[in-house]
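Engineer: In the working numbering, the protein residues as written are 7 to 257.
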Amino acid sequence: IYQCDWSSDVCSSDLSLSPATGLMTPNDSTSIAMPWTTTQYIVTVTNPSGCVGTDTVNITVTNIPVVSVSPSNPTICVGQTATLTVTGAATYTWSPSTGLNTTSGPQVLANPPTTTTYTVTGTSPGCGPVQTTVTLQVNTPPTITFNPTSPITLCEGNTSNINVSSSDPATNFTWNPSTGLNTTTGSNVIFNGTTTQTYTVSAATNGCILPIPYTVNVNPSPTVVWPTPWVLSYCQSDVRSEEHTSELQSH
Numbered sequence: 007i008y009q010c011d012w013s014s015d016v017c018s019s020d021l022s023l024s025p026a027t028g029l030m031t032p033n034d035s036t037s038i039a040m041p042w043t044t045t046q047y048i049v050t051v052t053n054p055s056g057c058v059g060t061d062t063v064n065i066t067v068t069n070i071p072v073v074s075v076s077p078s079n080p081t082i083c084v085g086q087t088a089t090l091t092v093t094g095a096a097t098y099t100w101s102p103s104t105g106l107n108t109t110s111g112p113q114v115l116a117n118p119p120t121t122t123t124y125t126v127t128g129t130s131p132g133c134g135p136v137q138t139t140v141t142l143q144v145n146t147p148p149t150i151t152f153n154p155t156s157p158i159t160l161c162e163g164n165t166s167n168i169n170v171s172s173s174d175p176a177t178n179f180t181w182n183p184s185t186g187l188n189t190t191t192g193s194n195v196i197f198n199g200t201t202t203q204t205y206t207v208s209a210a211t212n213g214c215i216l217p218i219p220y221t222v223n224v225n226p227s228p229t230v231v232w233p234t235p236w237v238l239s240y241c242q243s244d245v246r247s248e249e250h251t252s253e254l255q256s257h
């Protein structure tokens with residue numbers, strides 16, 4: 007609502023405003039304007055001598071801001087950080103300050119220790135403040151257990167079943183890289199690689215993604231080298247004695 011108070015040295019019948027859009031009293035010296043869009047009004051005044059004067063007034067209409075936060079339903083694990091972005095207004099303030107890197111601006115980093123509801127107040131020129139809220143859900147990460155525990159050591163050529171479990175049955179697991187594994191998803195994998203590998207096992211549940219390292223050490227098989235030339239001779243009728251055995255071992 008914009009109220010204009012024109013000069014009172016003329017009768018109201020000698021004053022007019024146009025266009026009439028949004029005017030409550032277009033021919034009154036005191037007129038209230040409520041246009042829906044930005045409008046320029048022309049004021050025409052005629053004095054008792056018949057002289058006509060005109061002037062203009064511009065009323066700028068700003069839309070009421072619609073403030074929204076993205077993501078609308080954020081979830082993190084304890085110790086993790088969420089990026090919250092707000093749009094719809096010109097300036098913003100955030101409260102409370104718990105876990106925030108800043109309390110002003112269109113984007114904040116939030117890592118509160120517990121679930122927190124933030125109120126965002128947005129303002130635009132010519133309009134009063136508009137508020138919205140967003141609740142950042144903070145979940146406690148599940149307990150992850152490996153069997154066998156990391157690290158494990160194998161001889162080259164051997165395989166091993168590796169099982170991972172969670173205190174939350176809804177946890178999903180992914181393994182990276184895929185080298186030496188029969189699968190990269192699930193709670194049970196088979197390792198049949200030939201070299202040492204450290205895997206990142208991502209445990210995801212309730213918006214939490216926990217990266218956990220798991221190492222498989224692979225020891226190379228020993229190399230057997232027979233001496234050359236190597237000849238052992240004895241008669242077929244002879245019985246291998248301790249002497250023959252000792253001779254074999256000495257080579």
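All residues carry an ideal CB built from backbone N, CA and C; glycine is no exception.
Could you pull the DSSP bridge partners for residue 54 from this structure?
Structural biologist: Note: residue 54 sits in no beta bridge, so no partner.
Engineer: Report the start-end ranges of each beta strand (DSSP E) in the region 110–196 that is 3 residues or longer and not cut off at the edges.
Structural biologist: Runs found: 113–116, 122–129, 136–145, 150–153, 158–161, 166–172 and 178–182.
Engineer: Which residues mark the beginning and the end of the beta strand (DSSP E) in which residue 24 is found?
Structural biologist: It spans 21–24 - the beta strand (DSSP E) in which residue 24 sits, taken as one unbroken run.
Engineer: Any idea which residues DSSP pairs residue 59 with across the strands?
Structural biologist: In DSSP, residue 59 forms a bridge with 51.
Engineer: Strictly by DSSP, which residues pair up with residue 75?
Structural biologist: Beta-bridge pairing links residue 75 to 92.
Engineer: Would you check if the region 110–130 and the region 180–200 touch, i.e. whether three or more CB-CB distances between them fall below 8 Å?
Structural biologist: Flag = no, the region 180–200 and the region 110–130 do not touch.
Engineer: Quick one: what does DSSP say residue 100 is sitting in, helix, strand or coil?
Structural biologist: Here residue 100 sits in strand by DSSP.
Engineer: Can you list, in chain order, the residues of its chain with a C-beta nearer than 7 Å to that of residue 6? Leave out the 5 residues immediately preceding and following it.
Structural biologist: Missing from the structure shown is residue 6; the chain here goes from 7 to 257 and no further.
Engineer: Please confirm whether residue 171 and residue 200 have their CB atoms less than 8 Å apart.
Structural biologist: Result no, Cβ atoms of residue 171 and residue 200 do not sit closer than 8 Å.
Engineer: Across the region 108–127 and the region 137–154, are there enough close Cβ pairs to call them in contact, namely three or more that are closer than 8 Å?
Structural biologist: The region 108–127, when compared against the region 137–154, does touch it at the 8 Å Cβ threshold.
Engineer: Could you tell me which residues DSSP puts in a beta bridge with residue 203?
Structural biologist: Paired residue(s): 222.
Engineer: In terms of residues, what are the limits of the beta strand (DSSP E) holding residue 227?
Structural biologist: First-last for residue 227: undefined, no H or E at that position.
Engineer: I need the boundaries of the beta strand (DSSP E) containing residue 6, first residue and last residue.
Structural biologist: A question about residue 6 goes unanswered here, because the residues of the chain that appear run from 7 up to 257.
Engineer: Skipping 5 residues on each side, what residues in its chain have a beta carbon closer than 6 Å to that of residue 46?
Structural biologist: Cβ within range, chain order: 62 and 64.
Engineer: Find out if the Cβ-Cβ distance for the pair residue 180, residue 156 is shorter than 8 Å.
Structural biologist: Result no, Cβ atoms of residue 180 and residue 156 do not sit closer than 8 Å.
Engineer: Mind checking which residues open and close the beta strand (DSSP E) that includes residue 81?
Structural biologist: Its beta strand (DSSP E) spans residues 81–83.
Engineer: By the three-class DSSP mapping on this structure, what secondary structure does residue 64 have?
Structural biologist: Three-state result, residue 64: strand.
Engineer: Compute the beta-carbon to beta-carbon distance between residue 223 and residue 159, rounded to the nearest angstrom, for a pair I have assumed lies under 8 Å.
Structural biologist: With 8 Å as the limit, residue 223 and residue 159 qualify as a contact, their Cβ atoms being about 4 Å apart.
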